[in-house]
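Residue 1 is where the sequence shown starts when you use UniProt numbering, and the numbers rise one by one after that.
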Amino acid sequence: MAATAYFASVTMETESAQIARALRRRDPELLERLIEQYQHRLFRYLVHFTGDPRLSEDLFQETWLRVLERGKQFDGRSEFVPWLLRLAHNLAVDHFRVRRGLSLDELTDPAREMPLQVADARPTPFDQLASSEERERVLACLGGLPPPYREVLALRFQEEMPLDEIAEVVSIPLATVKSRLYRALELLGTKLEGRA
C-alpha cells in the first residue's frame, strides 16, 4: 500500500515537473494536450463560479492565454490543476471587480442570485447520486448561492479537491475554506428545505 502511494506521488511529481519544463519552453504540443485533458474541468469550474456560460467561455480562453504567458511561473513542485484553477479564479475575480465594478463583498451577497448550469455532460459523483428531478432541484438551489460559496462546493464535490488544494486555488486560508464550505452547505440545506 505504501509503495503504491509512493509510486503515485513520484509519478505526479514527474508529470508536474515535465509540465513545468514544457511550459518554460512554450511547447505547443503540451498546451494542446493540457487543453484536451483539462478543458471540461476548467470550464465546469468557471461556470460554477460565474454562473454564466458565455462569460465562462471568455474566461476559459483567457485562462489558457495566461497559461502560455505565465507558464514559467509554474515550478512543477505541486500539481498543475490547482495552479490552473487559481489562474481562472483570479481572472474571474478581476472580471467582476473591474468590468462590473463589483467588490468581493457584493459577490458574497445572497441577494445576487445567478442561474447555475452544468458545463459538462459527463456524470460526476453528484450526478450519479441524484435522481433527475432531485438533481434539478439541487442545481436550482446551488444557483441561488453567492459565487464564493458555489465555488467551494464545486471544487469540493464536483472536482473532488482536498480542502488544502481549494485554499490554494482560491488563495484563502484553509480555515476560511472550511467556514465557507460549512456556510455553503448550511445555506444549501436551508434553500432545499424551502423548496421541499
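Every residue, glycine too, gets a C-beta built ideally from N, C-alpha and C.
Predicted, not measured: the structure shown is a model, and the values here were computed from it.
- DSSP places I35 within a helical segment (H, G or I) once states are collapsed to three.
- The C-alpha of R180 lies about 21 angstroms from the C-alpha of L84.
- Rounded to whole angstroms, R137 and S171 show a C-alpha spacing of 30 angstroms.
- Rounded to whole angstroms, E32 and Q61 show a C-alpha spacing of 13 angstroms.
- With a 10 Å radius around the Cβ and a threshold of 16 neighbouring Cβ atoms, V98 comes out exposed.
- By the beta-carbon neighbour count (other beta carbons within 10 angstroms, threshold 16), T50 is buried.
- Contact between the region 146 to 160 and the region 39 to 53 is established, with three or more Cβ pairs separated by less than 8 angstroms.
- Shortest Cα-Cα distance from R21 to any of E193, L145 and L68 involves L68.
- Looking from the CA of R26, the closest CA among E57, T14 and F74 belongs to F74.
- Following the DSSP letters along the chain, one finds V177 inside the alpha helix (DSSP H) bounded by residues L174 to G194.
- Comparing alpha carbon positions, the residue from D164, G76, F96 and Y182 closest to E15 is G76.
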